[in-house]
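Taken in sequence, the protein lines are chains F and L.
For the first sequence, our numbering begins at 1 and goes up steadily by one.
For the second sequence, our numbering begins at 135 and goes up steadily by one.
Even glycine gets a Cβ: it sits at the ideal position worked out from N, Cα and C.
This one's a predicted model, so the numbers in the text were calculated from it and none came from an experiment.
Working notes, structure below.
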Amino acid sequence: MSNPWIAVGALALVGVAIPLSMIGISSLLRPSVPEQGKRATYESGEIPTGDTRIRFNIQYYLIALLFVVFDIETVLIFPWALIYSDAVAEFGLTPVLGPMLVFLAILVIGLGWAWRNGAVRWVKSERAEIKSEL
Amino acid sequence: MIPAQTQTPLPDIIGDLLGFGTEMGPGETFIASFIGAALVGTLMLTMTALAGPWAKRKITAAFTDRYAVNRIGPAGLLIIVADAVRLLSKELIVPEGVDRPAWDLAPIVIASSALLGFAVIPMGNGIHLADPEAGLVYVFAVASIASVGLVMAGYASNNKFSMLGGLRAVAQNLAYEIPLVLIAASVVLFAGSLQMSEIVAAQTETLVSLGGVAIPSWYVFVNPFAFVLFMVANLMEVGRNPFDIPEAPTEIVAGYQTEYSSAYFVLIYLGEFIHIFLGGAIIATLFLGGPAGPVLPGILWFIIKIWAVFLFTQWARSALPRLRIDQLIEVGWKGMLVLALANLVLTAVIVGVIA
């Protein structure tokens, strides 16, 4: 049996070759008439105002932090899930399921805390908050 | 536990046909794998070509009681050729101030990362390119690379709509990824393996026999709750209605793809459709018994299953209104995550009591 990762690498090559060939074919077919009016960024037909790359409010900064915590948790769950039924057959239900339940409970408490503190929300702008109260 | 090899992977079959013998060297393996990869890539591109310019329009037209493409060729099928030529021969407009390498790379990342996942999907009739032991983890890992492409496209375009689309793509990614992986973990609890062929093999056993018809233990029958959750999480993953928030054509023009034209637009569009089919392939493998089915050959069943999932996404597109981004955060973190955790614990208890 061949090493599966060689086949994965081959598909990666094919996956890059297909887009590149499409770009190549397109560059042979298409016209190129760059003009000032065309090249302006699209802003519903208006003349663009201001720069896009400004400082902005990342609404979900806290959510992103939470995501990292939970994503690492899934890394821990996969090996456990993999050996679960074999381990239960060998050691019984409590020593296999118990620690994972404790681990999940700690995470759920963390999620509940974040939930209560309003971290799992999108709207943070004061204007939006006032508007929603009216 | 020794993984039982249920069937020969595709490179070995091709190597056999080419007369490389049973022990292939790295070079021979690569040639055989490359032919196999080209086959899988072509198959998926054909599906996408059928889905994007033709099936999507026909399905939406059927749902909204209209006519769709019906002028060129039988049932308008030649619109695929016409659209391909039309889109590829459009001028590529490079907007002012784009971040050049990132702006050019984003469509390639979106299109090729979606195709990568099909390496480990068993499609039946021996079409199974690679079968690594960590297959399930691999498929989720490469499926989420597309989000990086979306952020690249959104940020590099120097357009405010694109920027908003990119930001929303990240927020959506954060909201669905953990429920998706947790539900997959509950399938792993049943199957006891991350290898795709093992997960499919575990679903061939008979669950119950109803009037002489043996119902296989597909995980959609074993754990329908997880299946429903996964269908919703998958809609979020592929970014279709009601979760097409990063694109949101009626709010932010076209989101991250606003500034793309010509071949780049084709690539982003292509990547999205391959991604829908990849989602369908994951659902088919995890919950619908992979390529298994009566009478018809495996590859046909596989195609039927992924098209069924595609039809479901298009149905949702016609039937459901879009969520707001703040609602999506709530659905993801307060609904889906809690339900996915509950599903995991419940599955663990059930499997533990039975085992």
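Contact check, Leu-263(L) vs Leu-144(L), beta carbons under 7 Å: Taking the second sequence and counting its residues from 1, one reaches residue 263(L) at position 129. Taking the second sequence and counting its residues from 1, one reaches residue 144(L) at position 10. Yes; because the gap between Cβ atoms is below 7 Å, this pair is in contact.
Decide if Pro-313(L) is buried, meaning its Cβ has at least 16 other Cβ atoms within 10 Å, or exposed. In the second sequence, residue 313(L) corresponds to position 179, counting from 1. Pro-313(L) should be labelled buried.
Just to confirm, are Trp-352(L) and Leu-445(L) a CB contact at a threshold of 7 Å? For this step, residue 352(L) is matched to residue 218 along the second sequence. For this step, residue 445(L) is matched to residue 311 along the second sequence. For Trp-352(L) and Leu-445(L), no; Cβs fall outside 7 Å.
With Met-257(L) and Ile-433(L) assumed to form a contact (beta carbons below 8 Å), what rounded beta-carbon distance in angstroms separates them? Within the second sequence, the letter at position 123 stands for residue 257(L). Within the second sequence, the letter at position 299 stands for residue 433(L). The pair is a contact, with the Cβ atoms about 6 Å apart (cut-off 8 Å).
Please state whether DSSP places Thr-340(L) in a helix, a strand or coil. Taking the second sequence and counting its residues from 1, one reaches residue 340(L) at position 206. Residue state, collapsed to three classes: strand.
Three-state class that DSSP yields for Ala-138(L) in the structure shown: As a working mapping, residue 138(L) is identified with position 4 in the second sequence. Because the pLDDT at Ala-138(L) is just 41, under 50, the model does not fix this residue reliably, and the value given afterwards should be weighed accordingly. Residue state, collapsed to three classes: coil.
Which chain L residues are close to Tyr-84(F), counting only those with a beta carbon under 9 Å from its beta carbon? In the first sequence, counting from the first residue as 1, residue 84(F) sits at position 84. Within chain L, the residues near Tyr-84(F) are Val-322, Leu-323, Gly-326, Ala-482, Val-485, Gly-486 and Ala-489.
Taking the alpha-carbon of Ile-106(F) as reference, which of Ala-89(F), Glu-73(F) and Pro-79(F) has the nearest alpha-carbon? One-based indexing of the first sequence puts residue 106(F) at position 106. Ranking the options by Cα distance to Ile-106(F), first place goes to Glu-73(F).
How is the beta strand (DSSP E) around Ala-490(L) delimited, first residue to last? No answer is possible for residue 490(L): the residues shown for chain L start at 135 and end at 489.
Would you say Ile-136(L) faces chain F, with C-beta separation under 7 Å as the test? Position 2 of the second sequence holds residue 136(L). With a pLDDT of 36 at Ile-136(L), under the threshold of 50, the predicted position of this residue should be treated as unreliable, and no value is reported.
Would Tyr-61(F) be called buried (16 or more neighbouring beta carbons within 10 Å of its own) or exposed? To locate residue 61(F), count along the first sequence from 1; it is residue 61. Burial call: exposed.
Does the beta-carbon distance from Ala-253(L) to Leu-76(F) come in below 7 Å? Translated into the one-based positions of the second sequence, residue 253(L) becomes position 119. Translated into the one-based positions of the first sequence, residue 76(F) becomes position 76. No; because the gap between Cβ atoms is not below 7 Å, this pair is not in contact.
Relative to the C-alpha of Arg-302(L), which candidate in Glu-157(L), Pro-229(L), Phe-377(L) and Phe-407(L) has its C-alpha closest? Here residue 302(L) is taken as the residue at index 168 of the second sequence, counted from 1. Among Glu-157(L), Pro-229(L), Phe-377(L) and Phe-407(L), the Cα nearest to that of Arg-302(L) is on Phe-377(L).
Inter-residue spacing [alpha-carbon to alpha-carbon] between Phe-436(L) and Pro-455(L): Along the second sequence, one-based indexing puts residue 436(L) at 302. Along the second sequence, one-based indexing puts residue 455(L) at 321. Near 30 Å, if we compare the C-alpha coordinates of Pro-455(L) and Phe-436(L).
Could you check whether the Cβ of Val-102(F) sits closer than 7 Å to any Cβ belonging to chain L? Residue 102(F) sits at position 102 when you count from the first residue of the first sequence. Output row for Val-102(F): interface = no.
Can you say whether Trp-188(L) is buried or exposed, counting buried as having 16 or more other CB atoms within 10 angstroms of its CB? Stepping through the second sequence from its first residue, residue 188(L) is reached at position 54. Trp-188(L) should be labelled buried.
Nearest by alpha-carbon distance to Leu-308(L): which of Val-174(L), Val-282(L) and Ala-195(L) is it? Working through the second sequence from its first residue, we reach residue 308(L) at position 174. Of the candidates Val-174(L), Val-282(L) and Ala-195(L), the one whose C-alpha sits nearest the C-alpha of Leu-308(L) is Val-282(L).
Quick check on Val-75(F) - is its C-beta less than 7 Å from some C-beta in chain L? Taking the first residue of the first sequence as position 1, residue 75(F) is located at position 75. Not closer than 7 Å to any Cβ of chain L, the Cβ of Val-75(F) fails to qualify, so no.
Need the endpoints of the alpha helix (DSSP H) that Phe-407(L) sits in, please. Position 273 of the second sequence, counted from the first residue, corresponds to residue 407(L). Looking at the DSSP string, the run of the alpha helix (DSSP H) that includes Phe-407(L) is 396–421.
Starting from Asn-307(L), follow the alpha helix (DSSP H) in both directions and report where the run begins and ends. Residue 307(L) sits at position 173 when you count from the first residue of the second sequence. Looking at the DSSP string, the run of the alpha helix (DSSP H) that includes Asn-307(L) is 294–325.
Integer Cβ distance of Ala-248(L) from Ile-386(L), believed to fall under 8 Å: Position 114 of the second sequence holds residue 248(L). Position 252 of the second sequence holds residue 386(L). So it is not a contact: roughly 22 Å between Cβ atoms.
DSSP state of Val-465(L), grouped into three classes? Within the second sequence, residue 465(L) is the residue found at index 331, counting from 1. Note: Val-465(L) maps to helix in three-state DSSP.
Residue from Leu-211(L), Ala-209(L), Lys-224(L) and Val-276(L) whose Cα sits closest to the Cα of Val-243(L): As a first step, residue 243(L) is located in the second sequence; it is residue number 109 there, counting from the start. It is Val-276(L) whose Cα lies nearest to the Cα of Val-243(L).
Secondary structure, alpha helix (DSSP H): runs of 4+ residues fully inside the stretch 146–223 of chain L: 160–184, 190–197 and 213–222
Please report the distance separating the alpha-carbon of Pro-380(L) from that of Met-100(F). As a position in the second sequence, residue 380(L) is number 246, starting the count at 1. As a position in the first sequence, residue 100(F) is number 100, starting the count at 1. Computed Cα separation, rounded: 35 Å.
DSSP state of Ala-360(L), grouped into three classes? The sequence position of residue 360(L) within the second sequence is 226, counting from 1. Reduced to three states, the DSSP call for Ala-360(L) is helix.
Taking one C-beta from the stretch 35–48 of chain F and one from the stretch 190–202 of chain L each time, how about it: are there three or more such pairs within less than 8 Å? no
Helix, strand or coil, according to DSSP, for Pro-455(L) in the structure here? The sequence position of residue 455(L) within the second sequence is 321, counting from 1. It is coil, neither helix nor strand.
Is it true that the stretch 17–32 of chain F meets the stretch 211–227 of chain L, where meeting means three or more beta-carbon pairs spaced less than 8 Å apart? yes
Among Trp-467(L), Ala-348(L), Gly-486(L) and Trp-449(L), which one has its Cα closest to the Cα of Val-108(F)? Taking the first sequence and counting its residues from 1, one reaches residue 108(F) at position 108. Measuring from the Cα of Val-108(F), the nearest candidate turns out to be Trp-467(L).
Go ahead and label Ala-81(F) buried or exposed: buried means 16 or more other beta carbons lie within 10 angstroms of its beta carbon, across all protein chains shown. Position 81 of the first sequence, counted from the start, is the residue given in the question as residue 81(F). Buried is the call here.
Who are the neighbours of Leu-341(L) on chain F, taking C-beta pairs under 8 Å? Position 207 of the second sequence, counted from the start, is the residue given in the question as residue 341(L). The premise fails here: Leu-341(L) is roughly 17 Å from chain F at the closest Cβ pair, so nothing lies under 8 Å.
Scan the stretch 224–245 of chain L for residues whose Cβ lies nearer than 8 Å to a Cβ of chain F and list them as they occur along the chain. Lys-224, Glu-225, Leu-226, Ile-227, Val-228, Pro-229, Glu-230, Gly-231, Pro-241, Ile-242 and Ala-245
Going along chain F, which residues have a C-beta under 7 Å from Phe-164(L)? Position 30 of the second sequence, counted from the start, is the residue given in the question as residue 164(L). The contacting residues are Ile-6 and Ala-10.
With distance defined between alpha-carbon atoms, name the residue in Val-120(F), Val-8(F) and Trp-5(F) nearest to Leu-65(F). For the purposes of this step, residue 65(F) is taken as the residue at position 65 of the first sequence. For Leu-65(F), the nearest C-alpha among the options comes from Val-120(F).
Which residues in the same chain as Glu-230(L) place their Cβ atom closer than 8 Å to its Cβ, once the five residues preceding and following it in sequence are excluded? What you label residue 230(L) is simply residue 96 of the second sequence in a count that begins at 1. Correct list, in chain order: Asn-292.
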